[in-house]
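J.: Residues 86 to 1031 (this note's numbering) are what the sequence shown spells out, left to right.
For glycine and all other residues, C-beta sits at the position ideal for the given N, C-alpha and C.
My questions all concern the structure below.
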Amino acid sequence: MIKSIVIRGAREHNLKNIDADIPREQLVVITGVSGSGKSTLAFDTIYAEGQRRYVESLSAYARQFLEQMQKPDVESIEGLSPAIAIDQKSGSANPRSTVGTVTEIHDYLRLLYARAGTVHCPQCGGEISARTIEQMVDRILDLPEKTRLMLLAPVVRNQKGDFHKELAQLRATGFVRIRIDGELYELAQPPALKKGEKHTLEVVVDRLVIKEGIAGRLADSLETALRLADGVVRVEPVAAPGADQGETAEALVFSERHICVACGIAMPEITPRSFSFNNPQGACPDCGGLGTRKYFDPELVVPNPDLSLREGAIVPWENRSAVYYQQLLEALSEHFAFSAGTPFSELPENLRQVLLHGSGGEKVQFFFEQGGRKHLYAKPFEGVIPHLQRRYRETDSDSVRENLENFMSVMPCPTCKGARLRPDALCVTIGSKTIHQVCTLPLAEADLFFSELQLSARKAEIARRILAEIRARLGFLIRVGLDYLTLERRADTLSGGEGQRIRLATQIGSSLTGVLYILDEPSIGLHQRDNQRLLETLRRLRDLGNTVLVVEHDEETIHAADYVLDMGPGAGVRGGEIVAQGTPQQIMEHPDSLTGQYLTGRISIDLPPRRRAAERFLTLRGARENNLRSIDVSIPLGSLTCVTGVSGSGKSTLVIDTLFQALVQRLRRGRQKAGKVDEILGLEHLDKVIDIDQSAIGRTPRSNPATYTGVFGDIRELFSQLPEAKVRGYKAGRFSFNVKGGRCEACQGDGTIKIEMHFLPDVYVTCEVCKGARYNRETLEVRYKGKNIAEILDMTVNQACAFLENVPRIRNKLETLREVGIGYVKLGQSATTLSGGEAQRIKLARELSRRATGRTIYILDEPTTGLHFADIHKLLEVLQRLVEEGNTVVVIEHNLDVIKTADYVIDLGPEGGQHGGTVVACGTPEEIARVEASHTGRYLRPYLDQ
């Protein structure tokens, strides 16, 4: 058997014809600086070839339904197993997907509740159970021998009437006795019943004594009683003659259908579909199983109540006709006697309600002048929100709906209270909890609930295998550090790292062997405390007989690897080689390995010489969104602040959902609703807020670093000023590949043409007309220093910096790109091929190239994602430079090299989910390290002692 995956002549992207022998059934880490070719080797070469070979083995009929892959540029790969990639791409964007549905735990829960759940009456809460006649007979025969019984059929339950006809019909059928309101009577002489009073009528179907051989008679009598009383029978023990009535056993009530004996309420048949919010049989009819409803939110309609109506306090009116808006205001202000110049917040409450929700029946005199004609009429004022609701309801335009949705918020469905299910599904419990209550528990608590669950012997036997599957899946999720998540958490709200770890847990649950797993930075978003659990999971996957290939920069993961490939030496054209390979110890001893030098401490990220002492603060008081527990937080201005804490402790809720959204509302007049907070102090010291995240810099392949940073505009302007361009009358627009004129019309400026191959994957071939240059021949004839515009776009940032050094405006922007560590990226590289970390650094470069105000707050969520030690070094230099210019930088981060260089740290916790949301410690890194309760502080101490 081949012991290694043998790769020969890999040349995909920037790989330089490399050879590699990757040991099978080992934990292998590929590391290296950004752009060195790690992902190209792991995903675009090894995984792509593994997938391609699998697809090629299928029939032509099956292949037409699958996305097929091109053969990577590699001479040969031997010893390749079936490959599964678990990458950082976000999971489903479907609002119906939850952690429970993605992991299939919800499917097992539905089965568990349908087969072993206890049904309760929605009115009285009493237990309802449906039994077969055989089960009823078995239960009755369990009573002590010689027990005297009376079988009653409750034909009328607590209803008004004299029931004269019903009594006559029962007598005619041959029944002799009846119990009316607890008293026994002969049917030949029933009492006269008052028509206006409620009565209960129970026919005596049989009287018998428990003894051997009565099972047949008992079954027949039960069948008769069930037929008479619509599926319900009451078995009443009777005291023997002369015995004490108090010694008799309690009555037994049986139903062959889910009917509440006390209330008469019938429940539908309970099946697994009853608990599916993706099925009409189980979904809440009001929200369709989404658990939420959209509504027009007054806080989004009037986001800034300090503005007056005249200044545009009511945002939906801003784009309406100015004349109409002015005349409407005049009519309202005149009728209700208020000034349109008064801030909205200072208007009386009843008047604010009229403006938002209408005047009810009160008519307002409206005067309009249009086209020289005057219109005067009186009618009730509709109100801003009812008017928006009507427009949303009546419009057929998607763009109008999209615009109106900017003023809508999401709230829990008032019918199901966010549970997504029909009321009858929420009447079924196991261990006193409904399926929704179980889904709202953090995974660790859900696991504890199932481990302590007590069921009857019969139900325990039914549930045994189902519970084993549920607990196994919960255990896998907990072991990869996701114990703070809940099963009801929507999949589209998970971070890339959380989604990846869920897929990792699912793969462990599948127990496959002989598979090649390829993971992309599984440690992203994980606190150091949870890292060990993740490593144990990776080792477990390896020990099942799989090869685990991980693209990773985390120091602990590299040390835990069986084998390491260090890519480099640089990025882009300077990378694509294997600098060192072997055990972690061999990597550390290798003289050319940059990774090895950081691992041994020969190169390190130094502590700053001093911590900046702040004089002014941005203070949030009473932050209580999601799991935040009404906390007060002060962020020093003009400093680098790190917000830390274990996964799920509330970092993103505090920084992104609360702080950033509140600042957008105040500083940009944004419409997005901010997290709940009592007040924010210190806003007067800021004039701009910028969130530098890892989202793509453009939605289409036409976007690139040059267009995003604005340097492409300067390059086009440079070309339009050349003598040749002036002679031909070319303006800057001529040098754009997005518009007609200068671009190649054969490929419309793409440089490639797609050819559909039906049974084979689509092929992109270089455009024959422009040869991939994107421009037409005439445009390419204009040259600067011997290069045309297509050749300049094909340069890396480093090459372009040297080539255009005499053009200050262009050079300055390119220098900032180089400073953030992406000098290896080509100016014209498609935005869709850039990693999240690269996109984030391009955004940073754009901010650096702008004139600094010294009053800006920058917010970054885990900027070290995808970064090598050396890249983090460069990133920190950029962040410190922003702070030196007087700005404030707030970073959510787990990386200890970043945390140790911060001026101030806010550590949230102590745990995740409902056990988090408090401030464990705040202060300098040294102060955090002294707090025993801080998990971050415990791991930070060795880094401060270096």
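Quick check on DSSP: helix, strand or coil for Cys727?
T.: The residue you call residue 727 lines up with position 642 of the sequence shown. Cys727: strand per DSSP, three-state reduction.
J.: Given that a residue counts as buried once 16 or more other Cβ atoms are within 10 Å of its Cβ, and exposed if not, what is Tyr462?
T.: Looking up residue 462 in the sequence shown gives position 377. By the 10 Å Cβ count, Tyr462 comes out exposed.
J.: Out of Glu876, Glu932 and Ile944, point me to the one whose CA is closest to Lys911's CA.
T.: Locating residue 911 in the sequence shown gives position 826, where the first residue counts as 1. The shortest Cα separation from Lys911 among Glu876, Glu932 and Ile944 belongs to Glu876.
J.: Here's the rule I'm using: 16 or more other beta-carbon atoms within 10 Å means buried, otherwise exposed. How should Gln254 be labelled?
T.: Position 169 of the sequence shown, counted from the first residue, corresponds to residue 254. By the 10 Å Cβ count, Gln254 comes out exposed.
J.: In whole angstroms, give me the CA-to-CA distance for Ser724 and Cys372.
T.: The residue you call residue 724 lines up with position 639 of the sequence shown. The residue you call residue 372 lines up with position 287 of the sequence shown. Cα to Cα, the separation comes out at about 46 Å.
J.: I'd like to know whether the C-beta atoms of Val386 and Phe452 end up nearer to each other than 7 Å.
T.: Residue numbering aside, residue 386 sits at position 301 when the sequence shown is read from its first letter. Residue numbering aside, residue 452 sits at position 367 when the sequence shown is read from its first letter. No, the Cβ-Cβ distance between Val386 and Phe452 is not below 7 Å.
J.: Are the Cβ atoms of Ile551 and Tyr193 separated by less than 7 Å?
T.: The residue you call residue 551 lines up with position 466 of the sequence shown. The residue you call residue 193 lines up with position 108 of the sequence shown. Taking 7 Å as the Cβ cut-off, Ile551 and Tyr193 qualify as a contacting pair.
J.: For Arg556, collect the residues of the same chain with a Cβ closer than 8 Å to its Cβ; drop the 5 residues on either side in sequence, then sort them by chain order.
T.: Position 471 of the sequence shown, counted from the start, is the residue given in the question as residue 556. Contacts found: Asp532, Phe535 and Ser536.
J.: Quick check: the stretch 734–742 against the stretch 988–1007, are at least 3 beta-carbon pairs closer than 8 Å?
T.: Because the criterion of three Cβ pairs below 8 Å is met, the stretch 988–1007 and the stretch 734–742 touch.
J.: If we call anything under 7 Å between Cβ atoms a contact, is Arg819 one with Pro388?
T.: Indexing the sequence shown from 1 puts residue 819 at position 734. Indexing the sequence shown from 1 puts residue 388 at position 303. Contact: no.
J.: Just list the alpha helix (DSSP H) runs in the stretch 958–998, keeping only unbroken ones of 4 residues or longer that don't cross its boundaries, in chain order.
T.: Whole alpha helix (DSSP H) segments, 4+ residues: 981–986.
J.: Ends of the beta strand (DSSP E) at His343?
T.: Locating residue 343 in the sequence shown gives position 258, counting from the first residue. That residue, His343, is in no beta strand (DSSP E); it is neither H nor E in DSSP.
J.: Cβ of Ser121 within 7 Å of Cβ of Gly783?
T.: What you label residue 121 is simply residue 36 of the sequence shown in a count that begins at 1. What you label residue 783 is simply residue 698 of the sequence shown in a count that begins at 1. Going by C-beta atoms, Ser121 is not nearer than 7 Å to Gly783.
J.: For Arg549, which of helix, strand or coil comes out of DSSP?
T.: The residue you call residue 549 lines up with position 464 of the sequence shown. DSSP places Arg549 in helix when its eight states are reduced to three.
J.: With a Cβ-Cβ cutoff of 7 Å, do Phe429 and Ala398 count as a contact?
T.: Here residue 429 refers to the residue found at position 344 of the sequence shown. Here residue 398 refers to the residue found at position 313 of the sequence shown. Cβ distance < 7 Å, so Phe429 and Ala398 count as in contact.
J.: Once DSSP output is grouped into helix, strand and coil, what is the label at Gly349?
T.: For the purposes of this step, residue 349 is identified with residue 264 of the sequence shown, where counting begins at 1. Coil at Gly349, not helix or strand.
J.: Okay, do the stretch 335–343 and the stretch 213–225 touch, 3+ Cβ pairs below 8 Å being the bar?
T.: Touching, yes, given that three or more Cβ pairs across the two stretches are closer than 8 Å.
J.: Along the chain, where does the alpha helix (DSSP H) containing Lys811 start, and where does it finish?
T.: By 1-based counting over the sequence shown, the position of residue 811 is 726. From DSSP, the alpha helix (DSSP H) with Lys811 extends over Pro808 to Arg813.
J.: Anyone know if the C-beta pair for Val649 and Pro669 falls short of 7 Å?
T.: On the sequence shown, position 564 is the one that residue 649 refers to. On the sequence shown, position 584 is the one that residue 669 refers to. Closer than 7 Å, so yes.
J.: State yes or no: is the C-beta of Ala887 within less than 7 Å of the C-beta of Val905?
T.: As a position in the sequence shown, residue 887 is number 802, starting the count at 1. As a position in the sequence shown, residue 905 is number 820, starting the count at 1. No; because the gap between Cβ atoms is not below 7 Å, this pair is not in contact.
J.: Are Gly660 and Asn99 closer than 7 Å when you measure CB to CB?
T.: Taking the first residue of the sequence shown as 1, we reach residue 660 at position 575. Taking the first residue of the sequence shown as 1, we reach residue 99 at position 14. A contact, by the Cβ cut-off of 7 Å.
J.: Considering only residues of the stretch 871–955, which uninterrupted alpha helix (DSSP H) runs meet the minimum length of 4 residues and lie entirely inside it, listed in chain order?
T.: Listed in chain order, the complete alpha helix (DSSP H) runs (minimum 4 residues) inside the stretch 871–955 are 874–878, 882–888, 893–904 and 921–933.
J.: Measuring alpha carbon to alpha carbon, tell me which residue in Leu945, Lys825, Ala645 and Gly939 is nearest Val113.
T.: In the sequence shown, residue 113 corresponds to position 28, counting from 1. The option with the nearest alpha carbon to Val113 is Ala645.
J.: Is the beta carbon of Pro383 closer than 7 Å to that of Leu441?
T.: Working through the sequence shown from its first residue, we reach residue 441 at position 356. Working through the sequence shown from its first residue, we reach residue 383 at position 298. Cβ distance < 7 Å, so Leu441 and Pro383 count as in contact.
J.: Round the Cβ separation of Asp717 and Leu703 to the nearest angstrom and send it over; I've been treating them as touching at under 8 Å.
T.: Start at 1 with the first residue of the sequence shown, and residue 717 comes out as number 632. Start at 1 with the first residue of the sequence shown, and residue 703 comes out as number 618. With a Cβ gap of about 12 Å, Asp717 and Leu703 do not count as contacting.
J.: Write down every uninterrupted run of the alpha helix (DSSP H) in the stretch 242–315 whose length is 4 residues or greater and which is fully enclosed by it, in chain order.
T.: Qualifying alpha helix (DSSP H) stretches, in chain order: 249–258 and 300–313.
J.: Looking at the secondary structure, which residues open and close the beta strand (DSSP E) in which Thr785 lies?
T.: For the purposes of this step, residue 785 is taken as residue 700 along the sequence shown, with counting starting at 1. Segment: none, Thr785 is in no beta strand (DSSP E) and carries neither H nor E.
J.: Based on Cα-Cα distance, which residue from Leu919, Ser934 and Glu297 lies nearest to Lys898?
T.: The residue given as residue 898 occupies position 813 in the sequence shown. The shortest C-alpha separation from Lys898 is found at Ser934.
J.: Nearest-angstrom Cα distance between Asp509 and Pro499?
T.: In the sequence shown, counting from the first residue as 1, residue 509 sits at position 424. In the sequence shown, counting from the first residue as 1, residue 499 sits at position 414. Cα-Cα distance, rounded: 16 Å.
J.: Would you tell me roughly how many angstroms separate the C-alpha atoms of Gln592 and Leu919, rounded to the nearest one?
T.: For the purposes of this step, residue 592 is identified with residue 507 of the sequence shown, where counting begins at 1. For the purposes of this step, residue 919 is identified with residue 834 of the sequence shown, where counting begins at 1. The straight-line gap from Cα to Cα measures roughly 28 Å.
J.: Does Leu579 come out as helix, strand or coil in the three-state DSSP assignment?
T.: Taking the first residue of the sequence shown as 1, we reach residue 579 at position 494. Coil at Leu579, not helix or strand.
J.: With 16 other CB atoms within 10 Å as the buried threshold, where does Gln450 fall?
T.: Residue mapping note: residue 450 aligns to position 365 of the sequence shown, counting from 1. Gln450 is exposed by the Cβ-count criterion.
J.: Given a threshold of 16 other Cβ atoms within 10 Å of its Cβ, counted over all protein chains shown, does Tyr793 qualify as buried or as exposed?
T.: In the sequence shown, the residue the question calls residue 793 occupies position 708. When all chains shown are included, Tyr793 counts as buried.
J.: Just to confirm before moving on: does the CB-CB distance between Gly827 and Tyr860 stay below 7 Å?
T.: The residue you call residue 827 lines up with position 742 of the sequence shown. The residue you call residue 860 lines up with position 775 of the sequence shown. For Gly827 and Tyr860, yes; Cβs fall inside 7 Å.
J.: State buried or exposed for Asp763, treating a residue as buried only when at least 16 other CB atoms are found within 10 Å of its CB.
T.: Reading the sequence shown from its first residue, position 678 is the one you call residue 763. Under this definition Asp763 is an exposed residue.
J.: Could you tell me whether the stretch 178–194 touches the stretch 570–587, where touching means 3 or more Cβ pairs closer than 8 Å?
T.: Yes: the two stretches touch, three or more of their Cβ pairs being nearer than 8 Å.
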